[in-house]
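Participant: Below you'll find the structure I mean.
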Amino acid sequence: MKFDLNTIKRGENDKIDLDFVVNLESIDYYGDVLKVITPISVLGSLYSIGKKIFLSCKLETDLEVHCGRCLKPFIYLLKTNIDVELTEEDEAMDEDDLDDIITYNDNMIDFDEIVKEQIISNIPMKTICNENCEGLCRVCGVDLNLEKCKCNTDDDENIDPRLAKLKELLQQD
């Protein structure tokens, strides 16, 4: 969804309320594909203070992600806020301010791209299906939430033989 900023830049409106949904099927997330389960709700406003334009809104959606422990897919509710300044791309920017600035061209902003960027930057690097998830056995790979494996997970048994001598040296100290 593209939005024309001319109305707010000319001073015809100093505040424009936003209440719409962005329909995306999926989002590429560092080589993984996040499936968007519910349309992304955007609620907030565009406003100007002097010659500066700001975007302040809330995003909410359900994403299908994979657990970082057991690798099973689950639904993750993402709620996040966007509070940024909108700046023309050719205007000079300070490196420290880039997190709080979104650039645009030809007085148009693309909400689809803004929403994608905000979701990518606000989803945790490691999503976990629940706090009690035990994950996978590091030896045989069985899902420890479903069954107990028979692997010997004693650290002494699983030491890489190339590092066994190092362990002996550490025990001497």
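Read in order, the letters of the sequence shown are residues -15 to 157 in my numbering. Built from N, CA and C at the ideal position, the CB exists for glycine as well. Computed from a predicted structure; not experimentally measured.
1) Quick one: give me the first and last residue of the beta strand (DSSP E) that residue 153 is part of.
2) Report the CB separation of residue 8 from residue 96 in whole angstroms; it is logged as a contact under 8 Å.
3) Can you tell me where the beta strand (DSSP E) with residue 33 in it begins and where it stops?
4) Rounded to whole angstroms, how far is the Cβ of residue 43 from the Cβ of residue 99, which I believe are closer than 8 Å?
5) Output the distance between the C-alpha atoms of residue 41 and residue 145, rounded to the nearest integer angstrom.
6) Over the uninterrupted alpha helix (DSSP H) stretch that includes residue 193, give me the two end residues.
7) Does the distance from the C-beta atom of residue 33 to that of residue -7 stay below 8 Å?
8) Give me the Cα-Cα distance between residue 168 and residue 39, rounded to the nearest whole angstrom.
9) Please name the residue, chosen from 52, 143, 68, that lies closest to residue 113 on a Cα-to-Cα basis.
10) Roughly how many whole angstroms lie between the Cα atoms of residue 35 and residue -2?
11) Using C-beta distances below 8 Å, list every residue in its chain close to residue 66, excluding the 5 sequence neighbours before and after it, in chain order.
12) Beta carbon of residue 107, beta carbon of residue 13: below 8 Å?
13) Near residue 120, what residues of its chain come up, given a Cβ to Cβ distance below 8 Å and the 5 sequence neighbours on each side ignored?
14) Answer with buried or exposed for residue 17, where buried requires no fewer than 16 other C-beta atoms within 10 angstroms of its C-beta.
Facilitator: Looking at the coordinates:
1) Careful: residue 153 lies outside any beta strand (DSSP E), inside the alpha helix (DSSP H) at 148 to 156.
2) 7 Å
3) 24 to 33 is the extent of the beta strand (DSSP E) around residue 33.
4) Yes, they are in contact, since the Cβ atoms of residue 43 and residue 99 sit about 6 Å apart, within 8 Å.
5) Straight-line Cα distance between these residues: approximately 55 Å.
6) As displayed, the chain neither begins before -15 nor continues past 157, which places residue 193 out of reach and without an answer.
7) no
8) As displayed, the chain neither begins before -15 nor continues past 157, which places residue 168 out of reach and without an answer.
9) 52
10) 10 Å
11) 28, 39, 40, 41, 42, 43, 98, 102
12) Yes, Cβ-Cβ distance for residue 107 and residue 13 is below 8 Å.
13) 53, 54, 55, 126, 127, 128
14) exposed
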